[in-house]
Every structure is written in C-alpha cells, then in structure tokens.
Amino acid sequence: MHYAEGNADFQLCMQVTTIAWKEDKELLCHAHKKGVKIVVHSDFEHFDDICIEGARRKWIMKAYKKIVTNYADGLNFDIEKPSFGKQSHCYALLLQELRAVLQTKEFTKHAQISVDVPWSPHGIDDRYYEWNALADAADFLFVMSYDMRSQIYYQCIAGANSPLALVKKGLEEYLVGYNIAPEKLVLGLPWYAYNYTCQKYSSALDICQLKHIGFVGAPCSDAAGRQVDYGDIKARAAANPALYTSHWDGLSDTPYYTYSALENPDEKGQIWFEDARSLSRKYALVRELGLRGGGMWHADTLAYGKDAESENIWNSFKAMN
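Just so we're aligned, residue 263 is where the sequence shown starts under the working numbering, counting upward by one.
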C-alpha cells in the first residue's frame, strides 16, 4: 500500500510519501533517504479479546516493539472484522491507547497511525465501526475504494471493482454523513483486476452471469472471481489478442475485457480492471473533495519496464493536482 499527498506543486504531489507493510531493511533505508515513510502492519489477531484491557496493553507493547525494531515511522491498521457496539468502541479505544503510549516514547512520539476503512461507512461487510473516533485517533483513514462488489444483492453478474459514482458517494458519506474532515481521508484505488468465469454469457448484451457465492448475508459476491495483477492481464491479452475484446463501461467509467478461454473458445470470461483513464477520473476526486491524498493497493501489480502503461498509471496521480 502506498499513497501520495496532494500539493499545489505537482512535483511534490507526485512523491510517494508513505509505503505500508514492507519490512525490508534495504527498502527502508532507500525510502528514508528519499524522505518516504515506512509504516508496518499489525493486526489484532484475536479480535474477540479487544475489549479485554490486558489484551490491548499486551498488543500495544508488541506493536511498539515492531515499530522500533523495524525503524519504522508508524503503524497501519487493516482490521476488517465484522463488528458493532461495544467491540467497535474497544477498537477505537485501542487506537487512543496506542497513540497515548507512542507519544511517551522518544522514538515513536511522532509516529504515524493510519486506519484502513471500507469504501463506505454504512456497514460494508458488517463493519459498523466508530468512524469519528477512529478518525480522531489516527493521522488519516485510508478509504479502500475497491472490492466494492463484496456483497451483491441484485443481478449476479460481472462488474466494476471500483465504479466512479459509487466511489464518490462513499467518500461523501464519510465527509457529510459523519462530518470527517477531508484532510483525514486518503483515497485508495485498486491497481489490480478481477477475473470472472461466466456461468452463462449473453453475447447480445455482453453480460457475464456469475456463480452464486454469498458473503456476509449477500447472495452473490466478487468471490466468484479471483484477483489478478494488472501486468498479468495485459500480458495475457497481448499474447492472445484474438481471444480478448476490449470494452469501456460508461456507467462505471471502467475498462474490461471479454475473452474466450484458450483451451475452450466456448467458455467465456470477463476481466474488470483499471487503467490510466479510469484511475485519473477517480483520483480527480482528491482535488474535487479536498482530500489529503491518494493511494493504491498495490504498486507491485504493474509490469515495470515492459510497457508504457505502467508509467501512465503512475501518472494518473496528476489528476489530484
């Protein structure tokens, strides 16, 4: 996970300011030379124990040690457990207690704390967290505007991972519905794709019907597909151009391929992904809504040095300026 902060000076805007989850010492040294922060990831492994004060204290000291031993600049939370009520309150309490402890230590008194949150604050995957308390305790919330088809309650068909209008709606729900300051939000977008095998395919409508795989109460989900790297799908399409037809979905502002399986041309599939065009339109929301910055999950999906599109995708950050 990486993100860049917006700035009137585009050269500053294009800087990667934070890299998350990487604990490689060589990368850390290189990043620090460039003024880039490295933050480690630490899950609360036994989430059912989060309301036990002693369990939180033990976890906090473990997290502190992880920051120090990795010479890191902070911690990123990526807790995605279903939660509500007291348990959600204890999650916010954990952040507050962590912040209080880190501020008493010389090495971590300026540590960055970030929290990954779903694309919308309205119970996505049964996550009913205390959003305002999390935002107050953290430096920022990383809004994961992807996997937005984790719960499908309507037609079970392939579709966009990160549709533009819904991305904006989710951000506005944080900003307006919960009055969270825009400088507390970083827009996270997918640099990966979903590959779906069609159970049935309508050539007239170009609709790919999916196998019904439910998730958290929904009868259908993106679990019917599998995540693939952007670089891999471009390589596959380039290797077998006759099998891949490129499309643009105007409703979601998203590109996708409809393809025939190499082994069985009668078997159809669709790959929904992002490109520089679709990403630029979404990163423009950073400027439009005054957000802190933009980021992605994740930068390693690109085929660096193999085509110009990798550079174009990085350049999509220009839309934030």
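Glycine included, C-beta positions come from ideal geometry on N, C-alpha and C.
DSSP three-state assignment for Val-330, whether helix, strand or coil | If DSSP states are grouped into helix, strand and coil, Val-330 belongs with the helices.
Ser-412 Cβ short of 7 Å to the ligand MN heavy atom set = The ligand content of the structure shown is nil, which means the ligand MN is not present either.
Close beta carbons around Leu-428, own chain, < 7 Å, minus the five adjacent residues each side = Taken in chain order, the residues that qualify are Met-410.
Report yes if the C-beta distance between Ile-495 and Ile-469 is below 8 Å; otherwise report no.
-> Against a cut-off of 8 Å, the Cβ pair of Ile-469 and Ile-495 comes out as no contact.
Pair within 8 Å by beta-carbon distance, Tyr-424 and Arg-389 | First, the residue type needs correcting, since residue 424 is Ser and not Tyr in the sequence shown. Their beta carbons are not under 8 Å apart, which means Ser-424 does not touch Arg-389 by this criterion.
Rounded distance between the beta-carbons of Leu-449 and Leu-541, thought under 8 Å = With a beta-carbon spacing of about 10 Å, Leu-541 and Leu-449 fall beyond the 8 Å limit used to define contacts.
Beta-carbon spacing of Ala-399, Ile-375 below 8 Å | Closer than 8 Å, so yes.
Which of the three DSSP states, helix, strand or coil, is assigned to Ala-325?
-> Ala-325 sits in a helix when the DSSP states are folded into three classes.
Proximal residues to His-351 (C-beta, below 7 Å), its chain only, five neighbours per side dropped | A distance below 7 Å between beta-carbons, with the five flanking residues on each side excluded, links His-351 to the following residues of its chain, in chain order: Glu-392.
Nearest-angstrom beta carbon gap, Leu-564 and Trp-453 [assumed within contact, 8 Å] = Contact flag correct, Cβ pair sits at about 7 Å.
Provide the residue(s) that pair with Thr-507 in DSSP beta bridges, ordered along the chain.
-> DSSP lists Thr-520 as partners of Thr-507.
Assign Leu-524 to buried or exposed, taking buried as 16 or more other Cβ atoms, counted over all protein chains shown, within 10 Å of its Cβ.
-> Flag for Leu-524 reads exposed.
Ala-270 (DSSP reduced to helix, strand or coil) | With a pLDDT of 32 at Ala-270, under the threshold of 50, the predicted position of this residue should be treated as unreliable, though the coordinate-derived value follows. Coil, per DSSP.
Helix, strand or coil: which one does DSSP assign to Asn-502?
-> If DSSP states are grouped into helix, strand and coil, Asn-502 belongs with coil.
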